[in-house]
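Student:
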Amino acid sequence: MHKDNPNIRALKLLHSLCPSYFPLMAAKSFFDKLSPYFNLYLSAELVNEIAGAKDKTKLLTLVLITVLGNFVIAVLGGLLNRIFAHKEIRLYQREAAFNNKKTLTLDYSDLENPEIRQLRRQITESARIDYHGQQLLLMSVGRLINITISAILALFLGVEMFVLMFSSGFSWFIIVLAVALAALVSFNVWYSFKSKDKIGRVSRNVSQTMIDENRIDEAIDCYNMGKDVRLYRQDKLIMNIKNYAFDLHKKAFRTMGSKRFVIGIPLTITEMVLKAIIYVFVCAYSLVGAFGVGSIIKYVGFIETLTGCITSYFSVFADIKYNTPFVKDYLAYFDIPQKMYQGSSRVEKCLDNEYYIEFKNVSFKYPGSDSYALEHVNFKFKIGERLAIVGMNGSGKTTFIKLLCRLYDPTEGEILLNGVNIKKYDYNEYLAVFSVVFQDYKLFSFSIAENVAAGSRPDKGNVIEALEKSGFTQRLSEMPEGISTCLYKDFDCSGVEISGGEAQKIAIARALYKDSPFIILDEPTAALDPIAEYEIYSRFNDIVGDKNAIYISHRLASCRFCDRIAVFDHGRVIQTGSHNELVADKSGKYFELWHAQAQYYNN
Amino acid sequence: MTNNHILPNVHYALKNIWKWDKKFYWFFIPTIPFAVILPLAAAYFPKVLIDSVGSDKSLQSIILIVGIYFAALLMVTLMDQYCTSRLSMRQYNITLHYQNAISEKHMRTDFSNTDNPDAINKYEYAMSDACSGQCAPEFVLQSLSRLLISLLGIFTYGAAISIVSPWILIALFVSALVTYLIARWQRNYVEKNKEKWVEIDRKIGYLQGFSQKFDYAKDIRIYGMFDWLSEMLLRFQNDRFAWNKKVSARGLIGTIINALLALLRNGLAYAILIVMVLNDEIGAGDFVFYFGMITGFSAWLNGIGNTANDIAHKSVKIGYYRDYFNIEEKFNHGKGCALPKQEDLPVSVELKCVSFSYPSEDGEKYAVKSVDLKIKKGEKLAIVGENGAGKTTLVKLMCGFYYPSEGEIKLNGHAVTDYNIEEYYSLFSAVFQDIYLLPVSIAEFVSSSDAEIDRYKVLKCIGQAGLGEKIASLERGIDSRLMKGVFDDSIDMSGGEKQKLMLARALYKDAPVIILDEPTAALDPIAENELYLKYNELTAHKTSVYISHRLASTRFCDRIVFLENGEIAEIGSHDELMALGGKYAKMYELQSHYYKEEAKDA
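Protein sequences, first through last, are from chains A and B.
Going letter by letter, the first sequence gives residues 7 to 609 in my numbering.
Going letter by letter, the second sequence gives residues 13 to 614 in my numbering.
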């Protein structure tokens, strides 16, 4: 097989995650498959003896071997099954961790890329429905090993049978048998191969339907949208969407059910004919004395399993073939290259936070978008400066921050930190320079302390200090376990629910705890009431300390703290200056924005 | 759990299957005898053959026997496959019926049943079973049939065996009992400890979820949390693994004891059969047949224990559904009094000493306390106050989402419970802080319907909400579908645009009461200002309630309610409250501080 075969690659990957998995799988299969042959063989001997000499000692020996042998096989098999089951869990655990690692270290620009999100979702959803992807591959390999072992064991019986048949003559009879069997088996193989494709198409159809259905279902957040549903009578609309998905589902399953049956008919018929022929032949040879009556069951058993194995072989290969695109998707996600981590320069530790940043003719388009989110931005950032960024919705404010933090690289132009292109720095070290509270920040369902410290070993004193600065102290005193209280209930059932304003304060505390040279706040007061907002404003200098600060807000009053204000409009910086300078320009955008809010407070 | 008796639960499940899909039974019942006949035939056929060969019958007669047997087998197998395929076509239909019924109930029940923990639990128990792929009220039928098959199997096989020796039957029963006890011992261990690893599983699930939750990515990167998260995942995986080992150790003990039982059982069976053979009571064919019967009988017996357990287990889950569908309702879901007529509009809303506490909180903390408030016909009311002062709760009480713990709410003189609650909802247009979209077209979303949409009105409302330009820029205009990613052509909207869309929907509904809860939080200053300028026009001839942090907006309102800790602290017009110099005035000063100072500077 080709070196780049996705199935081989995927198996190598899984093998590297848990090297003893496949050997154990083979050992376990051997014991699972051994028991039926053992019984076929011994019961044939037993029946032959009963139908023949009825020798007591021989009967006793045979019975003892049978029951003890079964016992030993069952115990060893159980032991191996247990060890294998453990390895299987380990494999799945490691695979999950591997998956996590990939997502968590993916370049951020890839994470926001709709195609990659789609790929990720596709992989998850296909895996959930019928285990498509690496799981089906593993199951197929398991079946393959089972079949191979079965076939090898069956062949031993087969060789014995043919030797006995040949020695009793009628060799032309055997040739007829062989030809008839070969014809029927090859029909079966050919037909099941052909229909497997047909079934595959139908079941792919069903999978796709279920994926669509799921996506529609997940889009409807029934759990939280209760108010809207009731006031706007959206229940009818929602039930129509759900029923649409329901109908898709019914149709897909109906097609699959009827196809399966019709396609299965010839297979069932040939299987029965095959078995009938085998029975007749084996009985005939037994009649002429080639072997005892007990052996009828043994040899019929051999041929049945052997032909079964051949058909299953092909069905497994058809499964693998059908599953290959899913395995390709699976690997494609792991194959996404990581570009951000190529830089190696160290960020020099500057005392006094003397960092400076320069945007040089920076333009940026989001992946998959035709229009510029930022265009020809030239911008310098002085040391220890407090910068405010204002502008209408969609003017490029948040994009600017994302480029600065190197979540994205510019499409054109370059960004310099202390005169060096930021791409040249070690990525993790560069990120460490920034503390950011994003507009859509997320807190985790861990303890407050762990959230603030963003790690498992929080410094208690610093955590409490950061929370105090962000104005969370009063609420903290109500928490059942202080800073060890868990947030939300996703991770720990004893967690507490907090309001948007409280969450925002914890997010600010997290940024403060990190204590990096730059602190960036994207709309940090949107969810706060006027009093909390005032507190944050009035303590802004205290909060920010001697750091470089960037502040984005719709509430222009907050910008007055800042040394400099940059006004963004349609992806460009159209004005910069202090509040007083900008507000003096009555024809400027800043004046328009300011006036829209200030008018209500000025009389 | 109130509904936990097996018989009524099973009856409930069967009744619903009958109601939703009668044909299910048509194809189901025939598969039961097949399941007994097929293995029985498979055990009897070799006996016939061995006897025939052993008694030196002619090849022709053997061909005849084989031919008849396989012809019959073919017929039965095909019939069985036909029924099974028909059943597989219907698979999950009942599940989907239940999922839809639960969703529908969830959308129709009292709103408070969607946000109090007890009711949420009931909902989640039912829904998670319905979504598990093993929906108990559908799959209980399978369990019942397995039980029936096992019973049939026991009778037929038992009859055959009792011909040989009733003693074997007793031995088999004893062996099955031991097997059952071992299984119960294992199950008890699992039941007793399950909670511990369910807890771990939840943690693992949360941590593994980060491979999917892309919106956490920014924070994880900026705060360098990757190593920590991985370390935690590994730790919990190891904890989970330790439990797996403990459970599987008990599994292994079970395997060994069962193997020992099989040894004794088969040893005994062989001994008895061989003695009979030696006494010439039975032949080789009988030997094979009876031995097959004995092994088969053990399997049926073990099956009974497992299926009985399975049914008990499913019955508990069916109870979840019945609990949820019978959940208590406080509002009037039946017939109500007539809605206000055209000449009675706009309406008045009166709160009489209304208090409310959330059921989750430990008792005495009121979210709203002793509120007396009469909103006059056509009045424009503003509600202000700090975070957590009870503003949103108050509005939810008015809308009929919560039932007051004390006091009463009246609309045009009638208590809320006099109205049918769904008709009552039709009196309110509201925009809430939280925004939820649906995967439908803009027109469908704004009109909340997928038929008889007044397209002109949709466009008008979208214009009024300040979204006209955006919609005009879309290729398919108001027919564009919302929620990017659901359909190939779905579009994306920014936070501000979504908020405007919510406003457009409220305007389209054109109800007598309009409620806006922080409708400008995501808007830029210009868009915010535009909304203020249009506020009077939008709320003309309506009773309106406006909640905002931005005190600038309260100027357009006739009266302002200042809430503090759920109580009305101050009430009056802007000028009155400013003159009062109380809490409202202080808050207003705070907020305008930085805007005003500029005036002094200039």
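Every residue, glycine too, gets a C-beta built ideally from N, C-alpha and C.
Since the model is a prediction, treat every value here as computed from it, not as a measurement.
By the criterion of Cβ-Cβ separation under 7 Å, what are the contact partners of A:Ile571 in chain B?
Tutor: Neighbourhood of A:Ile571 in chain B, by CB distance below 7 Å: empty, with the nearest CB roughly 13 Å away.
Student: Since B:Ala183 and B:Arg277 should fall inside the 8 Å C-beta cutoff, what is the C-beta to C-beta distance between them, to a whole number of angstroms?
Tutor: Yes, they are in contact, since the Cβ atoms of B:Ala183 and B:Arg277 sit about 6 Å apart, within 8 Å.
Student: So with CB distances below 8 Å, who are the chain C contacts of B:Val287?
Tutor: In the structure shown, chain C does not exist; the protein chains are A and B.
Student: Please state the DSSP three-state secondary structure of A:Asn427.
Tutor: In the structure shown, A:Asn427 sits in a strand (DSSP, three-state: E or B).
Student: Taking Cβ positions only, does B:His118 come closer than 9 Å to chain A?
Tutor: Chain A contact via Cβ: present.
Student: Have a look at B:Ile447 and B:Leu90 and give me their C-alpha separation to the nearest angstrom.
Tutor: Cα-Cα distance, rounded: 55 Å.
Student: Determine, using beta carbons only, whether B:Leu85 comes closer than 9 Å to chain A.
Tutor: True, the Cβ-Cβ gap to chain A drops below 9 Å.
Student: Please tell me whether B:Ala614 has its Cβ less than 9 Å away from any Cβ of chain A.
Tutor: Because B:Ala614 carries a pLDDT of 35, less than 50, the predicted location of this residue cannot be relied on, and the following value inherits that uncertainty. Yes - at least one Cβ of chain A is within 9 Å of the one on B:Ala614.
Student: Considering only their Cβ atoms, is the gap separating A:Ala59 from B:Ala296 smaller than 9 Å?
Tutor: Their beta carbons are not under 9 Å apart, which means B:Ala296 does not touch A:Ala59 by this criterion.
Student: Along chain B, in chain order, which residues have C-beta atoms closer than 9 Å to that of A:Ser22?
Tutor: Here the premise fails: no neighbours, minimum Cβ distance about 17 Å.
Student: Below 9 Å between beta carbons: does that hold for A:Ile504 and A:Ala517?
Tutor: no
Student: Within 10 Å of its beta-carbon, does B:Thr560 have 16 or more other beta-carbons around it, so buried, or fewer, so exposed?
Tutor: In the sequence as displayed, the identity of residue 560 of chain B is Ser instead of Thr. Buried is the call here.
Student: In chain B, what lies closer than 9 Å to A:Cys411 by C-beta?
Tutor: Lys230, Arg233, Ile234
Student: Between the Cα of A:Cys289 and those of B:Glu203, B:Gln72, B:Leu449, spot the shortest distance and give me the residue it belongs to.
Tutor: B:Gln72
Student: Within the continuous alpha helix (DSSP H) that includes A:Ile382, where are the two ends?
Tutor: A small fix is needed here, since residue 382 of chain A is His in this sequence, not Ile. A:His382 -> not in any alpha helix (DSSP H); beta strand (DSSP E) instead, spanning 378-387.
Student: Where does A:Lys595 sit, in a helix, a strand or coil, going by DSSP?
Tutor: Under the three-state reduction of DSSP, A:Lys595 is assigned to helix.
Student: Start and end of the alpha helix (DSSP H) containing B:Gln93?
Tutor: 71-102
Student: Below 8 Å on the Cβ atoms is my guess for A:Val299 versus A:Asn54; work out the distance and round it to an integer in Å.
Tutor: 7 Å
Student: Please classify A:Met398 as buried or exposed, where buried requires at least 16 other C-beta atoms within 10 Å of its C-beta.
Tutor: Flag for A:Met398 reads buried.
Student: A:Ser500: buried (16+ other C-beta within 10 angstroms of its C-beta) or exposed?
Tutor: Looking at its Cβ environment, which holds fewer than 16 other Cβ atoms inside 10 Å, A:Ser500 is exposed.
Student: Taking buried to mean at least 16 other C-beta atoms within 10 Å of its own C-beta, is B:Lys612 buried or exposed?
Tutor: Confidence in B:Lys612 is poor, its pLDDT being 43 and thus under 50, which makes the residue's placement unreliable; the coordinate value appears in the next sentence. B:Lys612 should be labelled exposed.
Student: A:Asp234 touches chain B at which residues, Cβ-Cβ below 8 Å?
Tutor: Phe444, Tyr448, listed in chain order.
Student: Just the C-alpha distance for A:Glu277 and B:Ile175, rounded to the nearest angstrom, thanks.
Tutor: 34 Å
Student: Tell me which residue opens and which closes the beta strand (DSSP E) that A:Leu527 is part of.
Tutor: 524-528
Student: Give the straight-line distance between the Cα atoms of A:Pro4 and B:Tyr606, rounded to the nearest whole angstrom.
Tutor: Shown here, chain A extends from 7 to 609; a query on residue 4 of chain A therefore has no answer.
Student: How about B:Leu285 and B:Phe303: do their beta carbons lie closer than 9 Å?
Tutor: yes
Student: Quick one: Cα of B:Asn15 to Cα of B:Tyr24, how far?
Tutor: 11 Å
Student: Please report the straight-line C-alpha distance between B:Lys554 and A:Glu487, rounded to a whole angstrom.
Tutor: 48 Å
Student: Can you tell which of A:Lys553, A:Lys304, A:Leu562 has the C-alpha that lies nearest to the C-alpha of A:Glu539?
Tutor: Nearest C-alpha to A:Glu539: A:Leu562.
Student: Looking at the unbroken beta strand (DSSP E) that takes in A:Ala572, where does it start and where does it end?
Tutor: 570-575
Student: Kindly indicate which three-state DSSP category A:Glu391 falls into: helix, strand or coil?
Tutor: coil
Student: For a test of the three-state rule: what should DSSP assign to A:Met7, helix, strand or coil?
Tutor: With a pLDDT of 49 at A:Met7, under the threshold of 50, the predicted position of this residue should be treated as unreliable, though the coordinate-derived value follows. Looking at A:Met7 - three-state DSSP - the assignment turns out to be coil, as it is neither helix nor strand.
Student: State the beta-bridge partners of B:Ser441 as determined by DSSP.
Tutor: B:Ile526
Student: Report the three-state DSSP secondary structure of A:Leu19 (helix, strand or coil).
Tutor: helix
Student: Below 8 Å between beta carbons is the criterion; list the residues of the region 535-553 of chain B that meet it against any residue of chain A, in chain order.
Tutor: So the close ones are Leu535, Asp536, Pro537, Ile538, Ala539, Glu540, Asn541, Tyr544.
Student: For B:Arg467, count the other beta carbons within 10 Å of its own beta carbon; 16 or more makes it buried, fewer makes it exposed. Which is it?
Tutor: exposed
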